[in-house]
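In my numbering, the protein residues as written are 590 to 936.
Quick reminder that beta carbons are idealized off the backbone N, C-alpha and C, glycines included.
Some notes on the structure that comes next.
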Amino acid sequence: MNDYLKLQDIRKLFGSAPVLDGVDLSIGEGELVTLLGPSGCGKSTLLRCIAGLTELDSGSIRLADKELTKLPPRSRDVGMVFQSYALFPNLTVSQNVEYGMRMRGVAQAARRARSSELLAMVDLEDKRDVYPQSLSGGQQQRVALARSLAVQPKLLLLDEPLSALDAKIRKNLRAEIRDIQRRLGMTTLFVTHDQEEALILSDRICIMNQGQIVQEGSPEQLYTAPRTEFAARFMGSYNVFNRAEALALFRRIDSRSDRFAIRPESVILLADGERVQDDADGMIDVGGEVLSVSVLGNILRATVMAEGIPLTVDLLNDGRWLRVREGDHVTLLLDPAQLLHLEQEGA
Ligand code: ADP
Ligand code: MG
Numbered sequence: 590m591n592d593y594l595k596l597q598d599i600r601k602l603f604g605s606a607p608v609l610d611g612v613d614l615s616i617g618e619g620e621l622v623t624l625l626g627p628s629g630c631g632k633s634t635l636l637r638c639i640a641g642l643t644e645l646d647s648g649s650i651r652l653a654d655k656e657l658t659k660l661p662p663r664s665r666d667v668g669m670v671f672q673s674y675a676l677f678p679n680l681t682v683s684q685n686v687e688y689g690m691r692m693r694g695v696a697q698a699a700r701r702a703r704s705s706e707l708l709a710m711v712d713l714e715d716k717r718d719v720y721p722q723s724l725s726g727g728q729q730q731r732v733a734l735a736r737s738l739a740v741q742p743k744l745l746l747l748d749e750p751l752s753a754l755d756a757k758i759r760k761n762l763r764a765e766i767r768d769i770q771r772r773l774g775m776t777t778l779f780v781t782h783d784q785e786e787a788l789i790l791s792d793r794i795c796i797m798n799q800g801q802i803v804q805e806g807s808p809e810q811l812y813t814a815p816r817t818e819f820a821a822r823f824m825g826s827y828n829v830f831n832r833a834e835a836l837a838l839f840r841r842i843d844s845r846s847d848r849f850a851i852r853p854e855s856v857i858l859l860a861d862g863e864r865v866q867d868d869a870d871g872m873i874d875v876g877g878e879v880l881s882v883s884v885l886g887n888i889l890r891a892t893v894m895a896e897g898i899p900l901t902v903d904l905l906n907d908g909r910w911l912r913v914r915e916g917d918h919v920t921l922l923l924d925p926a927q928l929l930h931l932e933q934e935g936a
């Protein structure tokens with residue numbers, strides 16, 4: 590993988606608080622990388638530094654072998670889309686899309702051809718002469734996307750572009766963004782606090798916490814092998830245990846770790862009277878009582894108290910489990926091979 594975008598040791602203080610605390614990040618040409626982290630961890634500040642809207646305290650930013658750190662925003666070849674669509678209300682859709690080209694002195698005919706092409710791409714050709722306030726949120730965000738692509742940026746920055754939209758529109762636009770990004774081979778840094786969005790969209794995910802990237806990898810790697818408690822809690826609904834809890838459930842532990850995690854879908858639940866399967870070799874069985882069951886669509890999520898520890902257990906909602914109810918006595922099968930031994934934060 591090449592380093593089309595390369596960030597080195599980016600630091601930024603607001604007052605005395607370090608908001609970016611030594612960020613290193615490389616993105617290959619055409620790659621879509623997601624920054625995933627809780628509100629306030631510095632995601633927007635990092636994007637704003639790359640776009641040149643916020644000044645760094647130290648560190649360097651290179652894009653396509655050009656040092657950006659001291660360049661003004663308009664010279665950086667970076668397009669950005671914000672959560673709040675940020676369109677010009679007094680300009681029509683096509684004037685919004687053409688704005689950056691007009692500033693750069695692109696001739697009218699060329700501007701028009703380019704905006705038509707982009708509006709066709711986001712399926713808004715018939716809206717070119719209307720004003721933004723007559724469009725839905727999803728449509729406005731597609732105009733913002735077209736506008737950011739109009740000047741052919743080398744890098745696209747998307748700052749929670751879907752957060753303000755309804756669930757259904759969000760899913761459609763998510764797929765559309767990925768499709769356009771792939772077709773154009775557009776190098777993209779996408780910011781979100783939504784792990785599902787990150788898992789679905791990304792070639793690679795960087796988990797961010799308190800101004801630092803704490804783990805990066807493919808969606809698969811981050812989902813199945815979070816390194817720390819923070820990553821485990823952020824990536825899914827992992828059950829996290831301290832050492833005493835892990836020992837109570839698993840009986841022996843072959844490491845010095847003091848934090849452990851297991852995914853809810855890795856715990857097997859047997860209803861009262863069900864037999865342990867023949868292939869359950871190496872699995873540990875623990876008795877428990879169902880505290881609650883809730884339906885999450887295709888998944889039933891049960892909370893089961895076992896050895897005094899509440900465990901989240903996910904069951905495929907295929908009809909078979911409807912008889913599992915609050916107060917039932919059940920057996921849990923735990924696979925030691927599925928237990929993650931976590932590292933200390935910052936280790
Ligand atoms: P995120 O996008 O991950 O939610 P931000 O980058 O917006 O986080 O903010 C990170 C931290 O920096 C927050 O604590 C926020 O309050 C602070 N912050 C952001 N912008 C400024 C600013 N202009 N002045 C002072 N503090 C700021
Ligand atoms: Mg933000």
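Spatial neighbours of residue i within its chain, please: CB distance less than 6 Å, with the 5 preceding and 5 following residues excluded, ordered by chain position.
i: aspartate 666; result: Pro742, Lys743
i: threonine 817; result: Leu931, Glu932, Glu934
i: aspartate 610; result: Gly800, Gln801
i: arginine 651; result: Lys595
i: alanine 787; result: Thr623, Leu625, Thr781, Ile794
i: phenylalanine 671; result: Asp748
i: valine 902; result: Pro853, Val856, Leu858, Ala891, Val893
i: proline 607; result: Gly800
i: threonine 658; result: Ser649, Ile650
i: isoleucine 898; result: Glu834
Measuring CA to CA, which of the options is closest to residue i?
i: glutamate 687; options: Val670, Phe671, Ser705; result: Ser705
i: valine 530; options: Arg736, Met692, Pro721; result: Past the boundaries of the shown model lies residue 530; the chain is included only from 590 to 936, so the question cannot be answered.
i: leucine 778; options: Lys632, Asp610, Pro925; result: Lys632
i: leucine 859; options: Met797, Gly876, Gly871, Ala820; result: Gly876
i: alanine 821; options: Lys601, Leu928, Met669, Ser673; result: Leu928
i: serine 628; options: Asp783, Leu900, Thr920; result: Asp783
i: lysine 601; options: Glu644, Asn591, Val919; result: Glu644
i: leucine 921; options: Val882, Glu878, Gly825; result: Glu878
i: aspartate 924; options: Leu838, Arg691, Arg772; result: Leu838
i: serine 615; options: Thr776, Arg759, Leu754, Glu834; result: Thr776
i: proline 825; options: Gln684, Gly897, Pro808; result: Strictly speaking, residue 825 in this sequence is glycine, with proline absent from that position. With distances taken between Cα atoms, glycine 825 lies closest to Pro808.
i: glycine 668; options: Cys638, Asn798, Ala696; result: Cys638
i: glycine 689; options: Pro678, Arg663, Ala702; result: Arg663
i: asparagine 906; options: Val884, Arg763, Leu900; result: Val884
i: proline 678; options: Ala753, Asp874, Arg701, Leu724; result: Leu724
i: glutamate 785; options: Arg771, Arg759, Arg772, Val803; result: Arg759
i: arginine 767; options: Thr634, Leu745, Leu754; result: Leu745
i: threonine 634; options: Ala709, Ile599, Arg691; result: Ile599
i: leucine 836; options: Thr813, Phe823, Arg864, Ile873; result: Ile873
According to the neighbour-count rule (16 or more other Cβ atoms, all chains shown, within 10 Å of its Cβ), is residue i buried or exposed?
i: glycine 916; result: exposed
i: lysine 716; result: buried
i: asparagine 887; result: exposed
i: glutamate 620; result: buried
i: arginine 841; result: exposed
i: lysine 757; result: exposed
i: glycine 604; result: exposed
i: proline 815; result: buried
i: serine 791; result: buried
i: glycine 944; result: The first residue shown for the chain is 590 and the last is 936, placing residue 944 beyond what the model contains.
i: asparagine 798; result: buried
i: alanine 850; result: buried
i: asparagine 685; result: buried
i: alanine 764; result: exposed
i: arginine 703; result: buried
i: arginine 700; result: buried
i: alanine 895; result: buried
Are the Cβ atoms of residue i and residue j separated by less than 9 Å?
i: glutamate 805; j: isoleucine 794; result: yes
i: arginine 890; j: leucine 904; result: yes
i: leucine 636; j: valine 780; result: yes
i: leucine 734; j: isoleucine 769; result: yes
i: glycine 871; j: alanine 926; result: yes
i: glutamate 618; j: glycine 727; result: no
i: valine 682; j: aspartate 718; result: yes
i: leucine 713; j: arginine 731; result: yes
i: arginine 848; j: asparagine 831; result: yes
i: leucine 738; j: proline 750; result: no
By Cβ distance, which residues of its chain are closer than 8 Å to residue i, with the 5 residues on each side in sequence left out?
i: proline 661; result: Gly641
i: glutamine 729; result: Tyr674, Leu676, Pro721
i: arginine 914; result: Val879, Val882
i: serine 846; result: Arg832, His930, Leu931, Glu932
i: cysteine 630; result: Met797, Asn798, Gln799, Gly800
Report all residues from its chain with a CB closer than 7 Å to the CB of residue i; omit the five preceding and five following residues, and keep chain order.
i: alanine 653; result: Tyr593, Lys743
i: glutamine 597; result: Asp613, Gly648, Ser649
i: serine 844; result: His930
i: phenylalanine 819; result: Asn798, Val803, Glu934
Residues near the ligand ADP, criterion Cβ-heavy atom distance below 5 Å: Phe603, Val608, Ser628, Gly629, Cys630, Gly631, Lys632, Ser633, Thr634
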